[in-house]
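Below is one structure, written out as structure tokens; the observations come after it.
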Amino acid sequence: MKAEINASRDKLEEYADTLEEQVEERTRELKLLAITDPLTGIYNRGHFFALAEKILDKTKRLNHPFSVALFDLDHFKNINDRFGHAAGDLALRQVARTMQSQIRQMDFLGRYGGEEFVVALPSTKISEALQIGQRIVIAARKMQVEYNGRSIHVTISGGVASYAYDDEDLGHILSKADKALYLAKKQGRDRVVAHNSTTGYMEKT
1 MKAEINASRD KLEEYADTLE EQVEERTREL KLLAITDPLT GIYNRGHFFA LAEKILDKTK
61 RLNHPFSVAL FDLDHFKNIN DRFGHAAGDL ALRQVARTMQ SQIRQMDFLG RYGGEEFVVA
121 LPSTKISEAL QIGQRIVIAA RKMQVEYNGR SIHVTISGGV ASYAYDDEDL GHILSKADKA
181 LYLAKKQGRD RVVAHNSTTG YMEKT
């Protein structure tokens, strides 16, 4: 009788341990879903902003440089119209992976919305941010998206900007990056342009 009770207790403890592991795993999955973009697996817009705001606050306290880069997948509507939305989704996922492979461990990447991506570059001056942006653009240019036996060539355009003065917030820095991105598109796409508050715009192709 005692052996049966012990066996039952062991089974209950084993079941409880398994259940606890399942709950912990599900909790981890839910936390991950809350901070990542479901299509690309990178940070979603909300979590990116939360992290970037913290980094910017630290930047101001320590008087360190801080930059952001906005990127847009060129002619994305044409990809969707010509090859279908599944091909467009595949292109977005592949661009996200390519961008992730080109940034440093301290940087972080997020989906800004639609076909736009954003990268936070802590402790990074505008000249270095421009070089990183150029590296990302070149890597994307070499990329081929294979879909249903067809190869889709994609390019991206980028705009880079840096924190310039004490009371500048993240929204204003992103606004400068967006203006630089607009200029990159206007000048022919497949390039990155940096917003330099002192000397004007700088371009890399």
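1 is the number of the first residue of the sequence shown in this note's numbering; add one for each residue after it.
Glycine included, each C-beta is placed from N, C-alpha and C at the ideal position.
The structure displayed is predicted, hence computed values, not measured ones.
Buried versus exposed, by CB contacts within 10 Å (16 or more), residue i
i	result
H195	buried
T40	buried
R61	exposed
D169	exposed
Y165	exposed
G209	No statement about residue 209 is possible, as the shown extent of the chain runs from 1 to 205 and does not include it.
A34	exposed
Residue i to residue j span [Cα, whole Å]
i	j	result
Y163	G149	45 Å
T199	I126	11 Å
G159	E146	27 Å
R97	Y201	28 Å
Y112	H153	22 Å
Q105	P122	10 Å
R45	T36	8 Å
E203	H85	32 Å
S151	A91	11 Å
A180	R189	11 Å
Residues of its chain near residue i, where Cβ-Cβ distance is below 6 Å and the 5 sequence neighbours each way are ignored
i	result
E116	D72
G88	I79, N80
G133	A69, G158, V160, V192
Other residues of its chain near residue i: CB distance less than 7 Å, five sequence neighbours each side excluded
i	result
M143	Q94, T98, V154
A177	V68, A69, L70, G159, V160, A161, H195
Own chain partners of residue i with C-beta closer than 8 Å, once the 5 adjacent residues on each side are dropped
i	result
I136	A69, F71, T98, M99, Q102, I103, V119, I156, G158, V192
Q187	V193, E203
key: Ordered list of beta strand (DSSP E) runs contained in the region 37–85, each at least 3 residues   = If we require 3 residues or more, the beta strand (DSSP E) runs fully inside the region 37–85 come out as 66–73.
inquiry  = I'd like the ranges of any alpha helix (DSSP H) spanning at least 4 consecutive residues and lying wholly in the region 80–153.
reply    = 85–102, 126–141
query = Taking contact to mean at least 3 C-beta pairs separated by less than 8 Å, is the region 48–63 in contact with the region 73–83?
reply = no
request  = For the region 159–189, list the alpha helix (DSSP H) runs that are entirely contained and at least 4 residues long, ordered along the chain.
outcome  = Taking only runs of at least 4 residues, the alpha helix (DSSP H) segments lying wholly in the region 159–189 are 170–186.
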